[in-house]
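Here's the structure, in structure tokens; my notes come after.
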DNA sequence: GAAACGTGGTT
DNA sequence: TAACCAAGTTT
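Residue numbers (UniProt numbering): 1 to 304.
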């Protein structure tokens, strides 16, 4: 039982229906033409886009998404391939475990769900690589259902427009979820457009750095704007150093495996990083994660 | 709840 | 230039 104290009722100086139409009208006029938003985009196409877009910019996703859907138009097409093929096709998108999980999700869909992407949130959530955000996004964008879709863009828009601070907390809070729930339109179709609209507003206008407040449909309503746009005061944002980390070494090792077809001898891997201890640790990690498969002593390949 | 997990573009 | 940021999930 959680005690709810001083529930911060989201208070924007305009009625909910007007808020909804303001954002939705802006979205219809300003949205990007992204291929996973077209009427003929399948739920699978939407799901693939959501996996790829996790922590990765749209511009880098586009070409990989096109190649992926051309090669694997349905979950069964991907499920029929070796997981290593998914890792290879993933290319340099980063976080290659996503490729492995997307393959595993395709297998689960094929073997346990009749080959079609599930349309309910709980079943989506049970798939590998699908968390709270992705389950809500697929249910909302692909199936036009009513869900709170809370990603980094939406969190930032609400932090500013509703709460009046420049950035949301590092981790999602119960208060944020309450705010998002309270603002969600009742009608499913409207809620789905609202969800993608708020997200697009955060991606194009209410950006992390250098927001274009002059172009914002919520300019006059925005709590942060009305407060004089006070700068962020919280703890330092999460710095992600990369140079010299195991992450970097894993990336270099996997790049060699991806670009080679077939097996790779130890010597080719040894060449990518001078520190043998760190190199071995990184390779062990890749094997433990299922991203690399040992074939025999000193020979490796992508998972078959 | 904190930490690990890639890669490349922008400020 | 170093730091920050990009449609998060898993352990």
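Just so you know, even glycine gets a beta-carbon here, dropped at the ideal spot from N, CA and C.
| request: State whether the region 268 to 285 contacts the region 244 to 259, with contact taken as three or more CB pairs (one from each stretch) at a distance under 8 Å. | output: yes
| Exposed unless 16 or more other CB atoms sit within 10 angstroms - verdict on residue 209 | Residue 209 sits at position 209 when you count from the first residue of the first chain. With fewer than 16 Cβ atoms within 10 Å of its Cβ, residue 209 is classed as exposed.
| field | residue 299 - DSSP class collapsed to helix/strand/coil | value | To locate residue 299, count along the first chain from 1; it is residue 299. Note: residue 299 maps to strand in three-state DSSP.
| Range covered by the alpha helix (DSSP H) that runs through residue 259 | On the first chain, position 259 is the one that residue 259 refers to. 246 to 259 is the span of the alpha helix (DSSP H), which, as asked, contains residue 259.
| query | Three or more C-beta pairs closer than 8 Å, one from the region 126 to 144 and one from the region 102 to 109: is that the case here? | reply | yes
| Candidates 226, 279, 215 and 263: closest to residue 297 by CA position | Start at 1 with the first residue of the first chain, and residue 297 comes out as number 297. Cα-wise, what sits closest to residue 297 is 263.
| message | Counting C-beta neighbours from all protein chains within 10 Å, is the total for residue 49 16 or more, i.e. buried, or is it exposed? | response | The residue labelled residue 49 in the question sits at position 49 within the first chain. Answer is buried; the Cβ neighbour count reaches 16.
| message | For the structure I just gave you, are there three or more beta carbon pairs, one from the region 201 to 216 and one from the region 155 to 173, closer than 8 Å? | response | yes
| query | So, residue 16 versus residue 185, is the Cβ gap smaller than 9 Å? | reply | The residue you call residue 16 lines up with position 16 of the first chain. The residue you call residue 185 lines up with position 185 of the first chain. In contact: residue 16 and residue 185 (Cβ atoms closer than 9 Å).
| query | Which residues in the same chain have their Cβ closer than 6 Å to the Cβ of residue 145, if we skip the five residues on either side of it in sequence? | reply | As a first step, residue 145 must be located in the first chain, where it is residue number 145. Hits under 6 Å: 139 and 188.
| query | Expressed to the nearest angstrom, what Euclidean distance is found between the alpha-carbon atoms of residue 85 and residue 299? | reply | Your numbering for residue 85 matches position 85 in the first chain. Your numbering for residue 299 matches position 299 in the first chain. Using only the alpha carbons, I get a separation of about 18 Å.
| request: Since I believe residue 141 is in contact with residue 192 (beta carbons under 8 Å), could you give me their beta-carbon distance rounded to a whole number of angstroms? | output: Locating residue 192 in the first chain gives position 192, counting from the first residue. Locating residue 141 in the first chain gives position 141, counting from the first residue. Residue 192 to residue 141, Cβ: 7 Å. Contact.
| request: Pull up the distance between the alpha-carbon of residue 39 and that of residue 61, whole angstroms please. | output: Along the first chain, one-based indexing puts residue 39 at 39. Along the first chain, one-based indexing puts residue 61 at 61. Distance between the alpha carbons of residue 39 and residue 61 is about 19 Å.
| Cβ neighbour criterion (16 or more within 10 Å) applied to residue 195 | Within the first chain, the letter at position 195 stands for residue 195. Its Cβ being crowded by 16 or more others within 10 Å, residue 195 is buried.
| query | In three-state terms, what does DSSP make of residue 157? | reply | Your numbering for residue 157 matches position 157 in the first chain. Of the three classes helix, strand and coil, the one that applies to residue 157 here is helix, per DSSP.
| field | Limits of the unbroken alpha helix (DSSP H) element including residue 24 | value | Residue mapping note: residue 24 aligns to position 24 of the first chain, counting from 1. Unbroken alpha helix (DSSP H) run through residue 24: 16 to 30.
| said: Using the Cβ count rule (16 or more neighbours within 10 Å means buried), how would you classify residue 147? | reply: Locating residue 147 in the first chain gives position 147, where the first residue counts as 1. So residue 147 counts as buried.
| said: Suppose the cutoff is 6 Å on Cβ atoms and the five residues either side in sequence are ignored; what does the same chain contact list for residue 335 look like? | reply: Residue coverage of the chain in this structure runs from 1 to 304, which leaves residue 335 outside it and unanswerable.
| said: Whole angstroms are fine: how far does the CA of residue 32 sit from the CA of residue 304? | reply: Numbered from 1 along the first chain, position 304 holds the residue referred to as residue 304. Numbered from 1 along the first chain, position 32 holds the residue referred to as residue 32. Rounded to whole angstroms, residue 304 to residue 32 spans 38 Å at the Cα level.
| By DSSP, does residue 87 sit in helix, in strand, or in coil? | Taking the first residue of the first chain as position 1, residue 87 is located at position 87. If DSSP states are grouped into helix, strand and coil, residue 87 belongs with the helices.
| query | Do you know offhand how far residue 54's Cα is from residue 212's? | reply | Walking along the first chain from the start, residue 54 turns up at place 54. Walking along the first chain from the start, residue 212 turns up at place 212. Their Cα atoms are separated by approximately 24 Å.
| field | Exposure of residue 29, with buried meaning 16 or more beta-carbon neighbours within 10 Å | value | Residue 29 sits at position 29 when you count from the first residue of the first chain. It is exposed - the Cβ of residue 29 has fewer than 16 other Cβ atoms within 10 Å.
| task | Pick helix, strand or coil for residue 35, following the three-state DSSP scheme. | result | By 1-based counting over the first chain, the position of residue 35 is 35. DSSP places residue 35 in helix when its eight states are reduced to three.
| Is residue 243 helix, strand or coil by DSSP? | Locating residue 243 in the first chain gives position 243, counting from the first residue. The answer is coil: DSSP assigns residue 243 none of H, G, I, E or B.
| query | Can you tell me whether DSSP reads residue 180 as helix, strand or coil? | reply | Your numbering for residue 180 matches position 180 in the first chain. Of the three classes helix, strand and coil, the one that applies to residue 180 here is helix, per DSSP.
| task | Could you have a look at residue 233 and say whether DSSP puts it in helix, strand or coil? | result | Translated into the one-based positions of the first chain, residue 233 becomes position 233. Three-state DSSP puts residue 233 in coil, outside helix and strand.
| field | Candidates 230, 92 and 74: closest to residue 41 by CA position | value | Here residue 41 refers to the residue found at position 41 when the first chain is read from its first residue. Cα-wise, what sits closest to residue 41 is 74.
| Taking the alpha carbon of residue 94 as the point to measure from, which residue in 251, 283 and 265 has its own alpha carbon closest? | In the first chain, counting from the first residue as 1, residue 94 sits at position 94. Among 251, 283 and 265, the Cα nearest to that of residue 94 is on 251.
| message | Please identify the residue among 289, 240, 205 and 278 whose C-alpha is closest to the C-alpha of residue 26. | response | Working through the first chain from its first residue, we reach residue 26 at position 26. Of 289, 240, 205 and 278, the residue nearest in Cα terms is 205.
| request: Going by DSSP, name the residue or residues bridged to residue 149. | output: As a working note, residue 149 is residue 149 in the first chain. Beta-bridge pairing links residue 149 to no other residue.
| message | Any heavy atom of the ligand FAD closer than 8 Å to the beta-carbon of residue 151? | response | Of the ligands one can find in the structure shown there are none, so the ligand FAD has no counterpart to examine.
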